Each structure stands twice: as structure tokens, then as C-alpha cells.
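A short write-up of the structure that comes next.
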Amino acid sequence: MGISRDHWHKRRATGGKRKPLRKKRKFELGRPAANTKLGPHTGNFAWGSEGTTRKTRIIDVVYNASNNELVRTKTLVKNAIVVIDATPFRQWYEGHYILPLVRKKGAKLTEAEEAMLSKKRSKKVQKKYEVRQRTAKVEAALEEQFLTGRLLACLASRPGQCGRADGYVLEGKELEFYMRKIKSKKAK
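Heads up: the sequence shown at position 66 corresponds to 65 in numbering that gives the first Met the number 0, and the numbers run straight through without jumps.
What follows is the structure in C-alpha cells.
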């Protein structure tokens, strides 16, 4: 029979039956849901305010505006809010600004990280990093997330259609909004 997105198979508002005016058409075609489950999944995620993109691991699906069932079954769809690994973004930030990004209290830097931050550089290169460091400010909500090692992100691609789960890191008002939604969901 096939899945169709027509309206003439439904009854009228008065309750009467509709006579089909024509056969099914290509533009009324519907497809079964892909139900792209979260397995060992990675994707490209953009950090908008810093203008960088990194391939990182998707850890969990935490919110979906359309259906809570999709959160429970960990189904990846467009606009699903997911938790991603923050490590690639932390490494990029520390390499780009030569500044350590927030750490847990009392956590020591590894020898490799310490060597990278205190490496001897030429005056020209040192000046370049000093200019960068003037604009190196991460908002407080994002710093909290970097502390846990996980970031909230939104999927921008359609994983069931294109087979990729790409998106962007949530920041600013959008991050506040989804944090509130997730918190209220946990309170229920």
C-alpha cells in the first residue's frame, strides 16, 4: 500500500466520508522513519563564537522538542540536543590561545600541556599569542560545561537522510533555554 501524506483518506469535519478524487501521487509519498540510533557515533560540531569546527564523539541524547520517546530510545534526528565530548575543543582552545581552559579544583596540568604553555617562543610569535589572548573569553555557562568535560550541542544535519550527525555547540540564550528545559524535565 505504501505510506502517504494525503488528507483525502480522512473523514470530513462533519464526520462524512471523502471520495478519493485520484490515485496516490508521488508528491504525497511518505517514508518510514529512519530511527537513527545512537551507537558509537561521531560528528563535526562547530563552536560558533570561536569560528572553529572539530570532530568529536556524541555521548548522549538529552532533549528533543518533538518527542520524549526519541530521547528515551536515543534516536538522532535534526534539532535533537545531544551531549558531546569537550576534549577536542579544549585542546584547540589551549593551542590557539596558549591559555589553560578551566580545570577541576586542584587538577594539575600534564607535563606535555605544561611544556606547551611555557615553551620558548620568538618575539613575533609571542606577540601574536598576546593579541589573541585579549579576546580569549569563554562565557560562564560554557566554562561550567568544560569543567565537566561535556558540552551541549544541537544537531543541524538530518542523520536519517544523509548519514551524518553534524551540528553546533550551544551558547548564549539558546544554551540558557535548553538548560532550563532539561532541568525542568529532570524535576518531573
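The beta-carbon is built from N, C-alpha and C at its ideal position, and this holds for glycine as well. All figures in this text were calculated on a predicted structure; none of them were measured in a lab.
Query raised in the report: On the three-pair Cβ rule with 8 Å, is the segment 101-115 touching the segment 58-65?
Result: no
Query raised in the report: For A164, which residues of its own chain have a beta-carbon under 7 Å away from its beta-carbon, when the five flanking residues on both sides are left out?
Result: Within the sequence shown, numbered from 1, the residue matching residue 164 stands at position 165. Correct list, in chain order: H40, G42, I57, L75, L154, S156 and P158.
Report task. Would you mind reading off the limits of the alpha helix (DSSP H) that contains W91? Result -> Here the question's residue 91 lines up with position 92 in the sequence shown. Where W91 is concerned, the enclosing alpha helix (DSSP H) stretches over T86 to Y96.
Query raised in the report: Counting Cβ pairs, one atom from each stretch, are 3 or more of them under 8 Å apart for the segment 124-140 and the segment 85-96?
Result: yes
Query raised in the report: Residues in its own chain within less than 7 Å of G29 by CB, not counting five upstream and five downstream?
Result: Stepping through the sequence shown from its first residue, residue 29 is reached at position 30. The residues are I2, S3 and R4.
Query raised in the report: For V70 versus V82, is the C-beta spacing smaller than 8 Å?
Result: Taking the first residue of the sequence shown as position 1, residue 70 is located at position 71. Taking the first residue of the sequence shown as position 1, residue 82 is located at position 83. Not in contact: V70 and V82 (Cβ atoms no closer than 8 Å).
**Report entry** Start and end residues, beta strand (DSSP E) containing I181
**Finding:** One-based indexing of the sequence shown puts residue 181 at position 182. From DSSP, I181 is part of no beta strand (DSSP E) but of the alpha helix (DSSP H) over G171 to A186.
Report task. Could you tell me if F26 is buried or exposed, where buried requires 16 or more neighbouring beta carbons within 10 angstroms of its beta carbon? Result -> In the sequence shown, counting from the first residue as 1, residue 26 sits at position 27. F26 is exposed by the Cβ-count criterion.
Query raised in the report: Are at least three pairs of beta-carbons, each pair with one atom in the segment 7-21 and one in the segment 132-152, less than 8 Å apart?
Result: no
Report task. Quickly, what does DSSP pair Y128 with across the bridge? List them, please. Result -> Working through the sequence shown from its first residue, we reach residue 128 at position 129. DSSP output for Y128 lists no bridge partner at all.
Query - Cutoff 7 Å; reference N78; Cβ partners in own chain excluding five residues on either side - result: Mapped onto the sequence shown, residue 78 falls at position 79. For N78, where only same-chain residues beyond five positions count, the Cβ hits under 7 Å are A64, C153 and L154.
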